[in-house]
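Undergrad: In this text, residue positions in the sequence shown follow the numbering used here: the first is 1, and each later residue adds one.
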Amino acid sequence: MAITKILYRNGGLRQAIDYITNPVKTAENLLTDYVRCDPGHAAQQMMDTKRALGKTAGRQCYHIIQSFKPDEITPELAHEIAKQFAAEHLPGYEAVIATHVDKAHIHSHIVFNSVNAVTGKMYHSTCENYSKQIRGVSDRLCKAHGLSIILESDEKKAVSYAEWLRQKRGQPTFRSMLEADLHDAIEDANDLGHFFLLMEHSGYEIHHGKRLGFRLRGQEHFMCPERRNPDFSEERIEQTILGNLEQIEAGRKPAFTPKPKPQPYRPHPKYTGFLALYYHYCYLLGRIEKRQYPPRMSPHLRKEIMKADVYKARLKFLQENNITTADDLTACLQQAENEVTQLAKQRTILNVRKKKHKKLFDALAAEAAFAGFEPRKAEYDDAKEVLDTCGIPREALLAEKADLYEQLAQVNHQIRQKRWKLKQCKEISETAAVMQKDIDRVEQQPQRIAVTRQR
């Protein structure tokens with residue numbers, strides 16, 4: 001079974017090729033092939049093609065990945081399928097093919113030029129292109145070699161990468177919140193109409209079509225939970241509600257939600273200002289995530305659960321910088337602005353040094369890249385002549401280049417840190433009023449609501 005996906009890069013062509021041809025991953029490059037390009041010079045040759053055709057802007061390359069089911073395929077067969085795929089789907093394109101065997105599941109990578117060396121046309125990646133060509137060719141090749149493929153029914157259960165990542169980290173998603181709210185409303189409803197009313201009170205808009213759709217007010221798209229779980233079809237929901245009523249009438253299910261035992265009071269530190277606001281807000285988001293919240297929670301606050309990690313990071317930032325009052329926040333912001341200004345001046349000085357030696361640094365790179373490469377011999381000779389006549393030993397130039405680039409990297413890293421600090425200060429200032437409004441809205445409701453089912 002092969003799972004295929006395609007990525008694109010607007011830069012980093014050489015890095016992409018270096019990654020997929022890593023000897024550790026490709027059995028010492030035994031599972032590596034080159035199409036219309038040469039080992040060690042593939043990235044340069046692809047760039048030469050772009051320059052010759054006047055198409056150096058935009059997407060630089062595409063990256064197709066074929067992942068196979070463990071224990072279903074050999075490395076040699078996976079690599080052969082990848083080569084057949086490239087020959088059929090990518091005629092005329094320069095490509096590097098590599099099969100990785102360093103993981104439990106064997107997978108092949110194909111990095112290819114975004115410009116066709118024969119036709120001069122740019123490759124276009126669309127949803128239709130993926131389903132009809134990339135996946136279609138891959139599935140047909142898998143079938144021809146006796147491998148399984150993914151059926152349409154399996155694909156409907158797929159989730160986006162962002163949702164999968166949040167699930168993996170144990171974080172809430174809009175889908176998991178919706179499903180939990182559906183379960184609660186089904187448990188509390190007297191009939192189907194009451195169920196819809198409870199969902200509306202929870203902040204959802206409802207679409208009545210072939211399938212029930214739900215979205216929080218302000219969301220763009222409806223989610224259809226029935227696609228993943230048939231228990232959330234309108235018919236099954238009504239059957240479940242009737243089943244709950246029958247169990248209550250038969251005495252097999254309680255009609256009231258039991259209250260949890262009260263917890264003993266535990267003293268905690270007193271906070272003021274921004275620290276108090278963020279501690280309170282993070283506590284509130286934690287209660288919402290654990291479903292300890294009033295049923296008429298605002299849609300905005302439900303969406304804020306997705307940003308719980310952001311608020312926790314800001315709380316940590318406030319603690320580390322001892323920020324409590326608005327004056328503390330202003331002082332922190334001004335300090336960060338001054339530091340960014342000083343670092344920017346330092347970076348300008350380093351860039352002037354870099355520009356001054358650009359010709360020599362470029363010659364060093366060209367001499368190292370084109371040594372022994374006959375098609376670029378003229379460039380190699382020019383670079384060698386520049387270095388031979390400059391009067392500076394190559395070792396000294398290399399040391400100066402390494403030191404200069406290291407200093408630039410450090411300064412850029414510090415600038416990114418200070419700008420992140422600036423961003424935190426501005427966002428804390430801008431969101432404080434909205435956070436306080438959310439807290440006030442929740443505090444106006446009872447601290448604990450016991451839901452009574454009137455069956």
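Glycine included, C-beta positions come from ideal geometry on N, C-alpha and C.
Using three-state DSSP, classify Val96 as helix, strand or coil.
TA: Translated into positions along the sequence shown, residue 96 becomes position 96. Val96 falls in the strand class under three-state DSSP.
Undergrad: Just checking my contact of Leu350 with Leu404 at CB under 8 Å: how many whole Å lie between their CB atoms?
TA: Sequence index remark: in the sequence shown, residue 350 carries index 350 (1-based). Sequence index remark: in the sequence shown, residue 404 carries index 404 (1-based). Correct: roughly 6 Å between the Cβ atoms.
Undergrad: Say whether the segment 404 to 413 touches the segment 69 to 85, bearing in mind that this needs 3 or more beta-carbon pairs closer than 8 Å, one atom from each stretch.
TA: no
Undergrad: If we call anything under 8 Å between Cβ atoms a contact, is Thr4 one with Ser176?
TA: For the purposes of this step, residue 4 is taken as residue 4 along the sequence shown, with counting starting at 1. For the purposes of this step, residue 176 is taken as residue 176 along the sequence shown, with counting starting at 1. No, these two residues do not count as a Cβ contact at 8 Å.
Undergrad: From Cys332, Pro23, Ala87, pick the residue whose C-alpha is nearest to that of Lys423; which is it?
TA: Here residue 423 refers to the residue found at position 423 of the sequence shown. It is Cys332.
Undergrad: Just to confirm, are Val96 and Thr49 a CB contact at a threshold of 8 Å?
TA: The count along the sequence shown starts at 1 and reaches residue 96 at position 96. The count along the sequence shown starts at 1 and reaches residue 49 at position 49. The answer is no: Cβ separation not under 8 Å.
Undergrad: So, helix, strand or coil for Val118, using DSSP?
TA: Taking the first residue of the sequence shown as 1, we reach residue 118 at position 118. Val118 falls in the coil class under three-state DSSP.
Undergrad: Considering only residues of the same chain and omitting the five flanking positions on each side of His456, which have a CB-CB separation below 8 Å?
TA: The chain is shown from 1 up to 455; residue 456 falls before or after that span and cannot be answered.
Undergrad: I'd like to check one pair, Ser108 with His79: are the Cβ atoms closer than 8 Å?
TA: Stepping through the sequence shown from its first residue, residue 79 is reached at position 79. Stepping through the sequence shown from its first residue, residue 108 is reached at position 108. Contact annotation: His79 and Ser108 have beta-carbon atoms nearer than 8 Å.
Undergrad: Work out the CA separation of Leu397 and Asp388 for me, nearest whole Å.
TA: For the purposes of this step, residue 388 is taken as the residue at position 388 of the sequence shown. For the purposes of this step, residue 397 is taken as the residue at position 397 of the sequence shown. Near 12 Å, if we compare the C-alpha coordinates of Leu397 and Asp388.
Undergrad: Going by C-alpha to C-alpha distance, which of Thr99, Gly12, Gly92 sits closest to Pro23?
TA: Numbered from its first residue, the sequence shown carries residue 23 at position 23. Ranked by how close their Cα comes to the Cα of Pro23, the residues Thr99, Gly12, Gly92 have Thr99 in first place.
Undergrad: Suppose contacts are defined by Cβ-Cβ distances below 8 Å. Is Phe222 in contact with His208 by that definition?
TA: Stepping through the sequence shown from its first residue, residue 222 is reached at position 222. Stepping through the sequence shown from its first residue, residue 208 is reached at position 208. Judged by beta-carbon spacing, His208 lies beyond the 8 Å limit of Phe222, meaning their Cβ atoms are not closer than that value.
Undergrad: I need the boundaries of the beta strand (DSSP E) containing Phe112, first residue and last residue.
TA: By one-based count along the sequence shown, residue 112 stands at place 112. Unbroken beta strand (DSSP E) run through Phe112: 107 to 113.
Undergrad: What does DSSP give as the partner residues of Lys5 in its beta bridges?
TA: Taking the first residue of the sequence shown as position 1, residue 5 is located at position 5. DSSP, once it has assigned bridges, lists Ile65 as partnering Lys5.
Undergrad: Take the Cβ of Ala185 as the centre, count every other Cβ of all protein chains shown within 10 Å, and call the residue buried at 16 or more, exposed below.
TA: The residue given as residue 185 occupies position 185 in the sequence shown. Ala185 is buried by the Cβ-count criterion.
Undergrad: Leaving aside the five residues before and after Leu192 along the sequence, list all residues of the same chain whose C-beta is less than 6 Å from its C-beta, in chain order.
TA: Residue numbering aside, residue 192 sits at position 192 when the sequence shown is read from its first letter. For Leu192, where only same-chain residues beyond five positions count, the Cβ hits under 6 Å are Glu238.
Undergrad: When the distance is taken between beta carbons, is Tyr279 closer than 8 Å to Arg314?
TA: Your numbering for residue 314 matches position 314 in the sequence shown. Your numbering for residue 279 matches position 279 in the sequence shown. Against a cut-off of 8 Å, the Cβ pair of Tyr279 and Arg314 comes out as no contact.
Undergrad: Bridge partners for Thr205 per DSSP, in chain order?
TA: Here residue 205 corresponds to residue number 205 of the sequence shown, with the count starting at 1. The identity of residue 205 in the sequence shown is Glu, whereas the question assumes Thr. Answer by DSSP bridge pairing, in chain order: Arg215.
Undergrad: Following the continuous beta strand (DSSP E) through Tyr34, name the residue where it begins and the one where it ends.
TA: By one-based count along the sequence shown, residue 34 stands at place 34. Where Tyr34 is concerned, the enclosing beta strand (DSSP E) stretches over 32 to 35.
Undergrad: Would you please verify whether the beta carbon of Asp381 is less than 8 Å from any beta carbon of chain D?
TA: Although the question refers to chain D, the structure presented lacks it and comprises just one protein chain.
Undergrad: Quick one: what's got a C-beta closer than 6 Å to Lys143's C-beta in the same chain, skipping five residues either side?
TA: As a first step, residue 143 must be located in the sequence shown, where it is residue number 143. Excluding sequence neighbours, Lys143 sits near nothing in its chain.
Undergrad: Could you tell me which whole alpha helix (DSSP H) segments of length 4 or greater appear in the segment 375 to 442?
TA: 377 to 389
Undergrad: So Glu94 and Arg36 are supposed to be a Cβ contact under 8 Å. How far apart are they, rounded?
TA: Your numbering for residue 94 matches position 94 in the sequence shown. Your numbering for residue 36 matches position 36 in the sequence shown. Sure, about 4 Å apart at Cβ, within 8 Å.
Undergrad: With distances taken between CB atoms, is the gap from Ile439 to Leu329 smaller than 8 Å?
TA: The sequence position of residue 439 within the sequence shown is 439, counting from 1. The sequence position of residue 329 within the sequence shown is 329, counting from 1. Not in contact: Ile439 and Leu329 (Cβ atoms no closer than 8 Å).
Undergrad: Could you tell me whether the segment 57 to 71 touches the segment 105 to 122, where touching means 3 or more Cβ pairs closer than 8 Å?
TA: Three or more beta-carbon pairs drawn from the segment 57 to 71 and the segment 105 to 122 are found closer than 8 Å, and the two stretches are therefore classed as touching.
Undergrad: What first and last residue would you give for the alpha helix (DSSP H) that runs through Arg347?
TA: One-based indexing of the sequence shown puts residue 347 at position 347. Counting along the chain, the alpha helix (DSSP H) containing Arg347 begins and ends at 326 to 356.
Undergrad: Decide if Lys456 is buried, meaning its Cβ has at least 16 other Cβ atoms within 10 Å, or exposed.
TA: The structure shown does not extend to residue 456, since the chain is modelled only from 1 to 455, so the question has no answer here.
Undergrad: In this structure, does DSSP put Pro295 in helix, strand or coil?
TA: By one-based count along the sequence shown, residue 295 stands at place 295. Because Pro295 carries a pLDDT of 46, less than 50, the predicted location of this residue cannot be relied on, and the following value inherits that uncertainty. If DSSP states are grouped into helix, strand and coil, Pro295 belongs with coil.
Undergrad: Determine the closest residue to Lys384 out of Ile305, Ala363, Leu318, Thr126, with distance taken between C-alpha atoms.
TA: As a working note, residue 384 is residue 384 in the sequence shown. Here the closest residue by C-alpha is Ala363.
Undergrad: On a Cα-Cα basis, can you pick out the residue from Glu220, Leu212, Arg14 that is closest to Glu235?
TA: Position 235 of the sequence shown, counted from the first residue, corresponds to residue 235. The candidate whose alpha carbon is nearest that of Glu235 is Leu212.
Undergrad: Take the Cβ of Tyr380 as the centre, count every other Cβ of all protein chains shown within 10 Å, and call the residue buried at 16 or more, exposed below.
TA: Taking the sequence shown and counting its residues from 1, one reaches residue 380 at position 380. Within a 10 Å sphere around the beta-carbon of Tyr380 sit 16 or more other beta-carbons, which makes this residue buried.
Undergrad: Beta-carbon separation of Arg302 and Leu216 under 8 Å?
TA: Counting from 1 along the sequence shown, the entry for residue 302 is found at position 302. Counting from 1 along the sequence shown, the entry for residue 216 is found at position 216. Yes.
Undergrad: Are Ala57 and Leu13 touching if we call contact CB-CB under 8 Å?
TA: Start at 1 with the first residue of the sequence shown, and residue 57 comes out as number 57. Start at 1 with the first residue of the sequence shown, and residue 13 comes out as number 13. Cβ distance not < 8 Å, so Ala57 and Leu13 don't count as in contact.
Undergrad: Classify Ser148: buried if its beta carbon has 16 or more other beta carbons within 10 angstroms, exposed otherwise.
TA: By 1-based counting over the sequence shown, the position of residue 148 is 148. Exposed, since its Cβ has fewer than 16 Cβ neighbours within 10 Å.
Undergrad: Apart from the five residues just before and just after Lys401, which ones in its own chain have a Cβ nearer than 6 Å to its Cβ?
TA: Translated into positions along the sequence shown, residue 401 becomes position 401. For Lys401, where only same-chain residues beyond five positions count, the Cβ hits under 6 Å are Phe361.
Undergrad: Return the CA-CA distance between Lys345 and Gln66, expressed in angstroms with no decimal places.
TA: Numbered from its first residue, the sequence shown carries residue 345 at position 345. Numbered from its first residue, the sequence shown carries residue 66 at position 66. When the Cα atoms are used, Lys345 and Gln66 turn out to be separated by approximately 47 Å.
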